[in-house]
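**Student:** Sending over a structure as structure tokens; questions will come in a sec.
Chains as they are written, first to last, in my numbering: chain A, 1 to 196; chain B, 197 to 301.
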């Protein structure tokens with residue numbers, strides 16, 4: 001039986017192609033979220049008789065959600081650090097904690113969306129509603145994809161079937177997770193804290 | 197060229213100069229800045245309100261990218277790839293918003 005081991009392809013620059021590709025992807029994601037944030041900023045005052053942002057936003061609740069997501073970045077970086085030290089047990093632990101914190105954030109977002117809907121802000125109620133749900137919904141989907149990747153990684157780490165360098169795989173998912181966090185740093189300030 | 201150090205066990209120590217305690221310190225600073233951000237909703241910062249919020253947002257962004265994402269310690273090509281996208285996004289969408297007179301209204 002042939003033993004097939006996956007390695008990162010050789011790079012002429014001496015740096016990881018996988019990592020370079022991930023950074024290029026994250027750079028392109030800036031353009032995606034830039035468009036969504038700009039659209040929200042443009043339409044946030046167009047409420048068309050529906051609720052205004054100040055009437056429905058629950059700043060203390062969203063602040064706690066933001067704090068949870070911020071702390072998930074800490075647990076993620078601890079997972080990456082443990083992976084680079086070859087400590088599988090701690091890597092799995094921190095990856096699981098990160099996924100749980102992410103799931104708490106997404107749960108909070110689902111609760112928030114439900115509360116807003118009950119207060120009269122549907123997706124098609126106003127341009128504010130459409131742009132708000134699109135922006136925060138896209139972010140929520142990104143967090144959810146991150147959680148799926150984290151839990152999948154925990155599963156394949158336990159079975160020791162990670163392709164390529166184990167630490168690099170954890171690091172790539174970490175980069176994605178931190179990106180999701182920095183997007184929320186911007187959304188939290190521009191959408192929730194700056195009044196219309 | 198990478199900045200990963202090989203330890204005596206052969207494992208790579210990611211991000212030279214940053215220990216777990218260092219990451220926890222960064223997280224504490226980020227949490228404190230978030231607290232300050234939230235306080236602007238309840239405390240009247242007057243004309244400093246908007247600049248203060250934007251500066252705190254930028255500081256948090258740069259800290260996460262530099263330390264948690266290790267751009268500060270990594271190859272400059274990664275910084276170029278990421279910041280190119282970011283600068284392009286800010287430029288394109290600032291121009292787009294300007295055409296809608298967003299900054300005048």
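Positions of the beta carbon are idealized from the N, C-alpha and C atoms, including for glycine.
(1) Distance, Cα to Cα, residue 293 (chain B) vs residue 157 (chain A)?
(2) Using only alpha-carbon positions, find the residue among B:261, B:289, B:245, B:255 that is nearest to residue 225 (chain B).
(3) To the nearest whole angstrom, what separates the beta carbons of residue 289 (chain B) and residue 35 (chain A), a pair I think is in contact under 8 Å?
(4) With H, G and I counted as helix, E and B as strand and the rest as coil, what does DSSP make of residue 276 (chain B)?
(5) Roughly how many angstroms lie between the CA atoms of residue 203 (chain B) and residue 62 (chain A), to the nearest whole one?
(6) Per the contact definition of three or more C-beta pairs closer than 8 Å, is the stretch 107 to 122 of chain A in contact with the stretch 256 to 265 of chain B?
(7) If we cut at 7 Å on Cβ distances, does residue 295 (chain B) have a partner in chain A?
(8) In chain order, what residues of the same chain have a beta carbon less than 7 Å from the beta carbon of residue 195 (chain A), not counting five sequence neighbours either side?
(9) Give the DSSP-derived three-state secondary structure of residue 215 (chain B) in the structure shown.
(10) In chain B, which residues lie less than 7 Å from residue 23 (chain A) when you measure between Cβ atoms?
(11) Rounded to the nearest angstrom, what separates residue 70 (chain A) and residue 98 (chain A) at their Cα positions?
(12) I need the straight-line Cα distance from residue 186 (chain A) to residue 135 (chain A), nearest angstrom please.
(13) Which residue comes first and which comes last in the alpha helix (DSSP H) that contains residue 226 (chain A)?
(14) Anyone know if the C-beta pair for residue 277 (chain B) and residue 27 (chain A) falls short of 7 Å?
(15) Take every Cβ of the stretch 125 to 133 of chain A, pair it with every Cβ of the stretch 73 to 89 of chain A, and state whether three or more of those distances are shorter than 8 Å.
(16) Just verifying my parser: in three-state terms, what is the DSSP assignment at residue 19 (chain A)?
(17) Name, going along the chain, the residues of the stretch 69 to 101 of chain A whose beta-carbon falls closer than 7 Å to a beta-carbon of chain B.
(18) Can you tell me the Cα-Cα spacing of residue 250 (chain B) and residue 90 (chain A), whole angstroms?
(19) Do residue 241 (chain B) and residue 73 (chain A) count as a contact pair if the criterion is CB distance below 7 Å?
(20) Residue range of the alpha helix (DSSP H) that residue 245 (chain B) falls in?
(21) For residue 233 (chain B), collect the residues of the same chain with a Cβ closer than 7 Å to its Cβ; drop the 5 residues on either side in sequence, then sort them by chain order.
(22) Does residue 31 (chain A) get closer than 7 Å to chain B when you measure Cβ to Cβ?
(23) What is the residue span of the alpha helix (DSSP H) that residue 149 (chain A) lies within?
(24) Rounded to the nearest angstrom, what separates residue 122 (chain A) and residue 112 (chain A) at their Cα positions?
(25) Taking Cβ-Cβ distances shorter than 7 Å, what residues in chain B pair up with residue 41 (chain A)?
**Tutor:** In short, the structure shows the following:
(1) 45 Å
(2) B:255
(3) 7 Å
(4) helix
(5) With a pLDDT of 40 at residue 203 (chain B), under the threshold of 50, the predicted position of this residue should be treated as unreliable, and no value is reported.
(6) no
(7) no
(8) 54
(9) coil
(10) 274, 277, 278
(11) 10 Å
(12) 11 Å
(13) An answer regarding residue 226 (chain A) cannot be provided, because it is not within the stretch 1 to 196 covered by chain A.
(14) yes
(15) no
(16) helix
(17) 70, 71, 73, 74, 77, 78, 80, 81, 84, 85, 86
(18) 36 Å
(19) no
(20) 245 to 259
(21) 249, 252
(22) yes
(23) 127 to 158
(24) 12 Å
(25) 293, 298
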